[in-house]
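In the working numbering, the protein residues as written are 483 to 847.
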């Protein structure tokens, strides 16, 4: 039996060929009346999932963030994720030194990329009293599909942040400090003046501390941002290319490979005595040939310092890890980079832009 119901006897109406038919579901065929069962089915319209609406200061992470990216990323599961090899091991982020560092940061209303980006080296770096400070808040206007930093509409800039940052750097007696930021596409200068304010405040409070900045690309306002940064340049200028050009749409929506290269090149042209630095991740789907091509592009744009590390997937919704590169292959990247003329190359599974940045800076300063 089916849930279909038989049509009621119809009122016959003449058809174009003289036979009888009706809207009620009967027809005359071969001189006999045949009843037809009419099935009525209510079709529920498919529910369209819309991206979560952005609210000022609210961070979107995981699925909510990745859903806003233009590329479609299929979520992974425990069954589909690549198993981490034995060489991907990091120190557990615990202990007294780590707790003290986090307390200092909260007391001064500061953020670190170490925490926001789930850096695997957090325990080691915090344990040694070092951190990479992330200015202009913890909400990024971009939605890179490899990055753990929250996406959304940022709050207005904290005018006290340069002072608080400088005080913290002085209290920690840092010899070398790394300052990075979220992307701030909502600001006319992309946040360049805030970088300068932080640099100036640190130089007043800690004149012997060297300063490295890791900037966004200042998309669409690179010239304005560069003019501002040149008023008070850092000791090292860093901007990461992150991956091969082919993967930009999927991994770095809103960014442009050539724009990033030109930002580094133009800074170097204006400040030839200041080292420039960039970094990439491997495991996003690039080939070894593409890695070498990125290194060649960097050298053509006068970049002197290089970092290469393994991409680690922040959540099941982010881009999956396509491969785990062996320590031996990382060593080959290092050898290739030095042969190309880089003054310093840090290449290894857990290498990040500011991993042992103070030690790496000694090679060029």
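For each residue, glycine too, the CB sits at the ideal point set by N, CA and C. If you're wondering where the values come from, they're calculated on a predicted model, not measured in any experiment.
Taking its Cβ as the centre, do 16 or more other Cβ atoms sit within 10 Å of residue i, making it buried, or is it exposed?
i	result
residue 681	buried
residue 810	exposed
residue 783	buried
residue 562	exposed
residue 740	exposed
residue 556	exposed
residue 582	exposed
residue 723	buried
residue 670	exposed
residue 847	exposed
residue 771	exposed
residue 702	exposed
residue 692	buried
Which value, in whole angstroms, describes the spacing of the CA atoms of residue i and residue j?
i	j	result
residue 814	residue 830	10 Å
residue 642	residue 711	19 Å
residue 617	residue 676	8 Å
residue 714	residue 678	6 Å
residue 841	residue 725	24 Å
residue 834	residue 733	17 Å
residue 774	residue 605	31 Å
residue 721	residue 696	5 Å
residue 716	residue 553	35 Å
residue 843	residue 818	20 Å
residue 588	residue 826	34 Å
residue 688	residue 652	6 Å
residue 542	residue 719	29 Å
residue 586	residue 607	14 Å
residue 610	residue 654	11 Å
residue 727	residue 559	28 Å
Quick one: what's got a C-beta closer than 6 Å to residue i's C-beta in the same chain, skipping five residues either side?
i	result
residue 612	none
residue 625	547, 550, 551 and 633
residue 806	567
residue 750	758 and 784
residue 484	In this prediction, residue 484 has a pLDDT of 45, which is less than 50 and means its spatial position is unreliable; nothing more can be read from the coordinates.
residue 595	614, 616 and 662
residue 674	707, 710 and 711
residue 738	none
residue 789	761, 828, 833 and 835
Whose C-beta lies closer than 8 Å to the C-beta of residue i among residues of the same chain, with five residues either side of it excluded?
i	result
residue 781	822, 823 and 824
residue 832	570, 572, 602, 603, 791 and 792
residue 524	Unreliable positioning characterises residue 524 in this predicted model, as indicated by a pLDDT of 49, which lies under 50. The coordinate reading is nonetheless provided below. Excluding sequence neighbours, residue 524 sits near nothing in its chain.
residue 668	623, 635 and 636
residue 529	Here the model assigns residue 529 a pLDDT of 49, short of 50, so the residue's position is not dependable, and the following value carries that caveat. None.
Going along the chain, which residues of its own chain have a beta-carbon closer than 7 Å to the beta-carbon of residue i, five neighbours each way excluded?
i	result
residue 538	635 and 637
residue 592	615, 646, 647 and 650
residue 514	Low confidence applies here, because residue 514 scores a pLDDT of 45, under 50, leaving its location unreliable and the question unanswered by this model.
residue 767	729 and 804
In chain order, which beta strand (DSSP E) runs of at least 3 residues are fully inside the region 708–770? Entirely contained in the region 708–770, the beta strand (DSSP E) runs reaching 3 residues are, in chain order, 718–720 and 758–764.
Is it true that the region 658–672 meets the region 572–590, where meeting means three or more beta-carbon pairs spaced less than 8 Å apart? Touching, no, given that fewer than three Cβ pairs across the two stretches are closer than 8 Å.
On the three-pair Cβ rule with 8 Å, is the region 789–807 touching the region 744–756? With the cut-off at 8 Å, the region 789–807 and the region 744–756 do not touch.
Which runs of the alpha helix (DSSP H) spanning at least 4 residues fall entirely within the region 541–592, listed in chain order? For the region 541–592, whole alpha helix (DSSP H) runs of length 4 or above, ordered along the chain, are 544–548 and 578–589.
Of all the alpha helix (DSSP H) runs that stay within the bounds of the region 601–672, which reach a length of 4 or more residues? Taking only runs of at least 4 residues, the alpha helix (DSSP H) segments lying wholly in the region 601–672 are 604–609 and 643–654.
Give the list of continuous alpha helix (DSSP H) stretches no shorter than 4 residues that lie fully inside the region 797–836. Counting whole runs of 4 or more residues, the region 797–836 contains the alpha helix (DSSP H) stretches 809–822.
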